[in-house]
Ligand SMILES: [Zn+2]
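Numbering (our numbering), first residue to last: 6 to 223.
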């Protein structure tokens, strides 16, 4: 069935975000939440970037080690800084977000945790023929947006690194558990971690925790 999407233009810090939802399924609340997700991600990235130096504080260095399976040496720090800088700059320009239910996705590969959709071999086909690729719009699952704003922000950053920096997924070795305690499966190499969308998303989240003890969703 071909879906018809309804576009809602919202502004975040002067930047126009086009929030698209399947007609009839959304609500103003979801649009407002999308606005808050973008605004929060901008804030988290702005707070994280000054911490990404080769002299990073202890908690941030621990976050770096756990996400990139490598000590924060100058070359690795430079790569992470570059990816996060581009992501931060890009989400401060006009872009689109599509919000839909993931549980009706054709071809969706069920993972060991719920709430987040990930790319499989670079793309996922949905039943409306909508192909999700790294170059497409940022997709968020409505239930996550409704029920877990912190995870929705993490997911948005994950997707933004795909969209704007061409990062990849590396299966369960690359996905963090939702609470960020560990990768879903061990074994990712540091080379893959430096290209891994979830490593960036959770590094930002963990840096916020290291810096402020808790995360704030605006
Ligand atoms: Zn992904």
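Even glycine gets a Cβ: it sits at the ideal position worked out from N, Cα and C.
Since we're looking at a predicted model, the values are computed, not measured.
Would the beta-carbon of residue 52 fall within 8 Å of that of residue 213?
Yes. Within cutoff.
In the DSSP assignment, find the alpha helix (DSSP H) that holds residue 155 and state where it starts and stops.
Segment 154-170, the alpha helix (DSSP H) holding residue 155.
State the beta-bridge partners of residue 145 as determined by DSSP.
Bridge partners of residue 145: 104.
So, residue 41 versus residue 160, is the Cβ gap smaller than 8 Å?
Result no, Cβ atoms of residue 41 and residue 160 do not sit closer than 8 Å.
Quick one: grab the DSSP three-state call for residue 63.
In this structure, residue 63 counts as helix in the three-state DSSP scheme.
Straight-line Cα distance separating residue 93 from residue 218:
Those two C-alpha atoms are separated by around 22 Å.
Name the residue from 36, 18, 17 whose alpha carbon lies nearest to the alpha carbon of residue 24.
Out of 36, 18, 17, the CA that lies nearest to the CA of residue 24 is found in 36.
Please state whether DSSP places residue 10 in a helix, a strand or coil.
DSSP places residue 10 in strand when its eight states are reduced to three.
Straight-line CA distance for residue 211 to residue 187?
Rounded to whole angstroms, residue 211 to residue 187 spans 12 Å at the Cα level.
Could you pull out every residue in the same chain whose Cβ sits closer than 8 Å to the Cβ of residue 150, ignoring the five residues on either side in sequence?
Contacts found: 35, 38, 39, 42, 104, 157.
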